[in-house]
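Protein sequence lines correspond, in order, to chains A and B.
Take the first sequence: its position 7, counted from the start at 1, is 7 in the numbering used here, and no numbers get skipped.
Quick note, the numbering used here runs 1000 ahead of the 1-based positions in the second sequence.
The beta carbon of each residue, even a glycine, is placed where N, CA and C say it ideally should be.
Everything numeric in this text was worked out from a predicted model, so none of it was measured.
Have a look at the structure below before the remarks.
Protein chains: 2
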Amino acid sequence: MKLSEGVEWGAHCAIVVAGLTGRATIPGKALAEYHGVSETYLLKHLKALVTAGIFESVPGPRGGYRLARDAAEITLLDIVEAIDGKQPAFRCTEIRQRGPTAVEACAYRGPCGINRAMLSAEAAWRQALAGHTLASLAAGVATTADPRVISGTQEWLARNERKSIS
Amino acid sequence: MKLSEGVEWGAHCAIVVAGLTGRATIPGKALAEYHGVSETYLLKHLKALVTAGIFESVPGPRGGYRLARDAAEITLLDIVEAIDGKQPAFRCTEIRQRGPTAVEACAYRGPCGINRAMLSAEAAWRQALAGHTLASLAAGVATTADPRVISGTQEWLARNERKSIS
DNA sequence: GGAGTGATACTCGGATATCTGGTGTCCGAGTTTTCGCGG
DNA sequence: CCGCGAAAACTCGGACACCAGATATCCGAGTATCACTCC
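Below, the structure is given as structure tokens:
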């Protein structure tokens, strides 16, 4: 089981975007450069965040991305599901209904016990992820990171963010 | 994120093997036929369970597989980790240390906040899986399954299990 | 000098190659059984 | 009838193809900016 690398990229980008002032935006190119990753590939994941309603995208020059709603209302689970999909990791293929001892399908009423256990475990995982908001994550970074990184990032943000036109 | 299909196979096989009497064994061929899956591919996963110390394998004619320890001492987590590996699903690549605002590596003391959150969520997932033992899963199947399936499986087991030689 | 208009530069978005890891298969090593033979 | 031995059959174990999904890239659609021209 492996989580898409894009989840990490998207989460880090979300924290950076959460640091924008007001309704300013930041272009994908800048986000890619900041994290040292491929720009074109990062755009793929940023679009997924837009589709999920986490980011808003503004086209054209002076365009870019910004949060679609307050950072306190965006959970880590939202980001993971936006990029990695909402499908459960475990997918029961009902192999209990195959083989020599199987009976007609309607006899298998409740879901397979293994499936139930796996899905409840995933529910615990999702609940844990939902306990972290973008705001809390950003606050954690702000308090633990090296002061030079913080000031450097703020300066870099000021240089790359695009003020809102409204 | 997707869990290997072999996890489902392994878990179902473990429940069947848990239903053997005493130290009897059952060959992989029979397990494959019972579940209607590829025999050669299933062997790959059964071997993983053997390597992990969950199953014991007996070679030669009248050989097969049996549990290496009591069913109450085998958790769903053991099976998942045996087949899918113990590596966490989320693997931090430290992209925070890349890009223009990065400083020397030793300045990044604690783990990345995102990584911490993801790993703690996975810990919750593992804990939930560890709460299900093979014994409890088998008991659940025994109480909820169709009576015809139960009797059919018992009959099938009696026909295919290999009594211990000791 | 100011307004209008066209070209321009920059942005995001979707379609297209490449590559790693899971999926599936085959053949070989090892062991117990079994049959045949000799005593 | 009993013991011995070799062949055989069946088991698991590791090495080899195949394929789907993630990874990575390029080109096209759209829009605010900017410069130029005309009034």
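Beta-ladder partner(s) of residue i, from DSSP
i: residue 1133 of chain B; result: B:1075
i: residue 1120 of chain B; result: Answer by DSSP bridge pairing: none, since residue 1120 of chain B is not bridged.
i: residue 1064 of chain B; result: B:1058
i: residue 26 of chain A; result: A:65
i: residue 1098 of chain B; result: Paired residues: none, contrary to the question.
i: residue 162 of chain A; result: A:25
Proximal chain A residues relative to residue i, where beta-carbon distance stays under 8 Å
i: residue 1055 of chain B; result: Here the premise fails: no neighbours, minimum Cβ distance about 17 Å.
i: residue 1095 of chain B; result: 8, 9, 12, 35, 36 and 37
i: residue 1045 of chain B; result: Residues of chain A passing the Cβ test: none, with the nearest at roughly 12 Å.
Where residue i sits in the DSSP three-state scheme
i: residue 43 of chain A; result: helix
i: residue 1148 of chain B; result: helix
i: residue 1167 of chain B; result: No information on residue 1167 of chain B is available, as it lies outside the stretch 1001 to 1166 that chain B covers here.
i: residue 8 of chain A; result: helix
i: residue 1104 of chain B; result: coil
i: residue 1080 of chain B; result: helix
i: residue 1091 of chain B; result: coil
i: residue 18 of chain A; result: helix
i: residue 1155 of chain B; result: helix
i: residue 1003 of chain B; result: coil
i: residue 110 of chain A; result: coil
i: residue 1140 of chain B; result: helix
i: residue 1052 of chain B; result: coil
Chain-ordered chain B contacts of residue i [CB-CB under 8 Å]
i: residue 66 of chain A; result: Result: empty, since nearest Cβ-Cβ is about 20 Å, beyond 8 Å.
i: residue 107 of chain A; result: 1146, 1148 and 1149
i: residue 113 of chain A; result: 1137, 1140, 1141 and 1144
i: residue 110 of chain A; result: 1144
Where residue i meets chain A, residues with beta-carbon distance less than 7 Å
i: residue 1124 of chain B; result: 124, 125 and 128
i: residue 1076 of chain B; result: 117
Within chain B, the residues that residue i reaches when beta carbons sit closer than 9 Å
i: residue 153 of chain A; result: 1101
Proximal chain A residues relative to residue i, where beta-carbon distance stays under 9 Å
i: residue 1098 of chain B; result: 34, 35, 36 and 37
Chain B contact residues for residue i, given Cβ-Cβ distances below 7 Å
i: residue 121 of chain A; result: 1125, 1128 and 1129
Cβ-heavy atom distance, residue i to the ligand ATP, below 6 Å
i: residue 135 of chain A; result: As far as ligands go, the structure on display features none, and thus does not contain the ligand ATP.
Cβ contact (3+ pairs, closer than 8 Å) linking the segment 1151-1163 of chain B and the segment 114-126 of chain A: no
Would you call the segment 1072-1080 of chain B and the segment 1130-1145 of chain B in contact, with 3 or more CB pairs under 8 Å? yes
For the segment 1002-1030 of chain B, which residues have a CB atom closer than 9 Å to at least one CB atom of chain A, in sequence order? 1002, 1003, 1004, 1005, 1007, 1008, 1009, 1011, 1012 and 1015
Going along the chain, which residues of the segment 78-90 of chain A sit with their C-beta nearer than 9 Å to a C-beta in chain B? 80, 84, 85, 87, 88, 89 and 90
Using 8 Å as the Cβ pair cut-off and three pairs as the minimum, do the segment 142-151 of chain A and the segment 1142-1150 of chain B touch? no
Touch test, the segment 1038-1049 of chain B against the segment 1090-1100 of chain B, Cβ-Cβ under 8 Å, three pairs minimum: no
Would you call the segment 1005-1017 of chain B in contact with the segment 1052-1072 of chain B, where contact means no fewer than 3 C-beta pairs closer than 8 Å? yes
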